[in-house]
Structures are given as structure tokens and as C-alpha cells.
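Trainee: For the sequence shown, this note's numbering gives the first residue as 5, with consecutive numbering after it.
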Amino acid sequence: MRLMEELLRIEADVKAFVGLSDRSLERALKQELLEILEEAEFLFGPRDPSIELLEPRISEKSYGQGYGGRKIRIYLTSRSKNEPWVASYELSHEAIHMLSPVSWGQATVLEEGLATYFSFKYVNRVHGIQLTTTGRRKYDAAQRGVSSLLSENQFLIKELRVHQPVISKIDEKLMVEVGNVEPSLAKFLCSDFETHGGGSRLETTLWKEFSDGARNIATGLRSIWD
Numbered sequence: 005m006r007l008m009e010e011l012l013r014i015e016a017d018v019k020a021f022v023g024l025s026d027r028s029l030e031r032a033l034k035q036e037l038l039e040i041l042e043e044a045e046f047l048f049g050p051r052d053p054s055i056e057l058l059e060p061r062i063s064e065k066s067y068g069q070g071y072g073g074r075k076i077r078i079y080l081t082s083r084s085k086n087e088p089w090v091a092s093y094e095l096s097h098e099a100i101h102m103l104s105p106v107s108w109g110q111a112t113v114l115e116e117g118l119a120t121y122f123s124f125k126y127v128n129r130v131h132g133i134q135l136t137t138t139g140r141r142k143y144d145a146a147q148r149g150v151s152s153l154l155s156e157n158q159f160l161i162k163e164l165r166v167h168q169p170v171i172s173k174i175d176e177k178l179m180v181e182v183g184n185v186e187p188s189l190a191k192f193l194c195s196d197f198e199t200h201g202g203g204s205r206l207e208t209t210l211w212k213e214f215s216d217g218a219r220n221i222a223t224g225l226r227s228i229w230d
């Protein structure tokens with residue numbers, strides 16, 4: 005499944021390269037992304053300014069982002085073409101991953117939970133849509149954990165990032181000693197998202213090696229266009 009998703013994203017880049025996609029939509033999505041990032045930085049701290057943001061593109065599968073060579077691009081689902089709230093949801097989720105990007109399989113429950121938490125809030129504020137679930141157990145559990153974390157101080161992650169700028173490298177000790185977070189919640193949020201709940205670290209490592217290879221191909225194609 006992940007191989008197919010990566011190939012479909014490569015296909016999206018190829019279509020853009022040969023002029024088969026609507027670039028005006030990409031420009032509009034980029035503008036919304038910049039506005040979302042401004043809000044995310046206000047709440048959760050600055051993004052790494054050395055990483056160039058490329059225009060989002062539409063793929064035919066799940067949303068996500070491609071990161072390599074100090075450039076990063078969001079890929080949105082085909083639904084986002086005709087449903088503005090879907091585009092907003094996907095952009096705002098991935099915007100959190102753009103603050104301090106890490107390789108695939110390296111994100112913690114904290115980062116994925118924050119991305120889901122923020123996207124719920126953003127879609128509600130901008131489109132008036134109240135989301136309560138993603139339909140995916142791990143994301144929902146992560147979102148609830150972050151909601152609990154930020155219930156008393158919405159700027160806590162921004163404060164923690166003063167000490168550790170990379171969200172997925174914030175550890176239990178920092179959370180407990182600096183953030184005064186309850187130890188069991190800190191342990192949960194700092195756990196590895198992909199393997200939490202029964203996944204295999206070996207599976208994650210093997211997929212990461214394959215995915216990095218696929219992304220290298222995609223980056224080569226993107227570099228021709230960009």
C-alpha cells in the first residue's frame with residue numbers, strides 16, 4: 005500500500021512536469037499553506053527556515069509529504085480538488101510536520117497527535133466543521149493525548165521547543181521537568197508513533213529503506229521541474 009502511495013505521488017510530479025495539472029490550484033494551495041503555517045508557528049513555535057516549501061500537489065491516494073534535499077512538498081488527495089475543507093484539513097495536518105521535519109517512521113505520538121489536533125481546530129475555525137475522529141485508532145488516541153496536554157496551556161509545545169526545536173525529539177524528561185507533564189502521559193506522547201500499539205520496528209526500518217529509495221527517484225524528477 006505504501007509503495008503504491010509513493011508511486012502515485014511520483015505520478016503527480018510527472019503530470020505536473022509535462023503540464024497536465026492545474027498550476028493555479030497549486031498556487032492557491034500554497035497561499036493557504038503559508039497562512040496555516042503562520043498560525044501554527046504562533047501556537048507551536050517557528051519552522052526550520054532553511055527548508056524550502058514547494059507548491060502542494062494533488063495525488064490519487066492518501067495525503068502526506070515528500071522531504072529531501074532541503075525541500076518539502078505536501079501531496080493532497082483528489083478529494084481536496086472539490087472539497088475545500090478537505091484541502092484545509094490535509095494542509096493543516098501536514099503543516100505541523102513541516103515545522104521540524106523528520107524522516108518517515110521517525111515521528112512520535114506527540115507530533116502525529118499535534119498534527120491531528122491542529123487540523124481539527126483549523127477546520128472547525130475556518131469551515132465550521134466539528135471533527136471528532138479520523139476513523140483511525142492510533143491517530144485518535146494521539147489526538148486525545150495532545151488535547152489533554154494542551155488543555156491548560158496551548159503554548160506548551162512552543163515553550164518546550166525552546167529547549168528542543170524538533171517536535172519528535174522532545175523527550176519524557178523535558179516534558180516532565182520543564183512542562184510539568186504527568187509522567188504516564190509524557191511516556192505515551194514521546195513513544196514512537198509507527199510502532200506504538202504493536203507495530204514492528206523491523207518493519208518500520210525495512211519500509212524506511214525502501215521508501216527512501218523511492219523518494220530519491222521522486223526527488224530526481226522533482227528537481228527537473230523545480
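Where a beta carbon is used, it is the ideal one built from N, C-alpha and C, also for glycine. The structure presented is a predicted model; accordingly, all values stated were derived computationally and were not measured.
Tell me where the alpha helix (DSSP H) around Arg129 begins and ends.
Mentor: From DSSP, the alpha helix (DSSP H) with Arg129 extends over 113-131.
Trainee: Beta carbon of Ile285, beta carbon of Phe46: below 8 Å?
Mentor: Lying outside 5 to 230, the shown extent of the chain, residue 285 is not represented and no answer is given.
Trainee: Please return the same chain residues whose Cβ sits closer than 8 Å to the Cβ of Ser172, not counting the five positions on each side in sequence.
Mentor: Excluding sequence neighbours, Ser172 sits near Ser104, Val106, Gln110, Ala111, Thr112, Leu114, Glu115.
Trainee: Could you tell me the alpha carbon to alpha carbon distance between Gly203 and Ile174, rounded to whole angstroms?
Mentor: Only weak support exists for where Gly203 lies, its pLDDT of 41 falling under 50; the coordinates are left without a value.
Trainee: Using the rule of at least 16 other Cβ atoms within 10 Å of the residue's Cβ for burial, across every protein chain shown, is Phe159 buried or exposed?
Mentor: Exposed.
Trainee: Taking C-alpha atoms, which residue in Val130, Pro169, Pro187 lies nearest to Ser152?
Mentor: For Ser152, the nearest C-alpha among the options comes from Pro187.
Trainee: Confirm, please, whether the CB-CB distance from Tyr126 to Ser92 is below 8 Å.
Mentor: For Ser92 and Tyr126, yes; Cβs fall inside 8 Å.
Trainee: With respect to the alpha helix (DSSP H) encompassing Arg165, which residues constitute its N-terminal and C-terminal limits?
Mentor: Here the alpha helix (DSSP H) through Arg165 covers 160-167.
Trainee: How far does the beta strand (DSSP E) with Lys34 in it reach, from first residue to last?
Mentor: No beta strand (DSSP E) contains Lys34, which is instead part of the alpha helix (DSSP H) from 27-48.
Trainee: Rounded to the nearest angstrom, how far is the Cβ of His167 from that of Leu178, given a contact under 8 Å?
Mentor: Yes, they are in contact, since the Cβ atoms of His167 and Leu178 sit about 6 Å apart, within 8 Å.
Trainee: Do we get a CB-CB distance below 8 Å when we pair Asp52 with the residues of chain C?
Mentor: Annotation note: the requested chain C is absent from the structure, which comprises a single protein chain.
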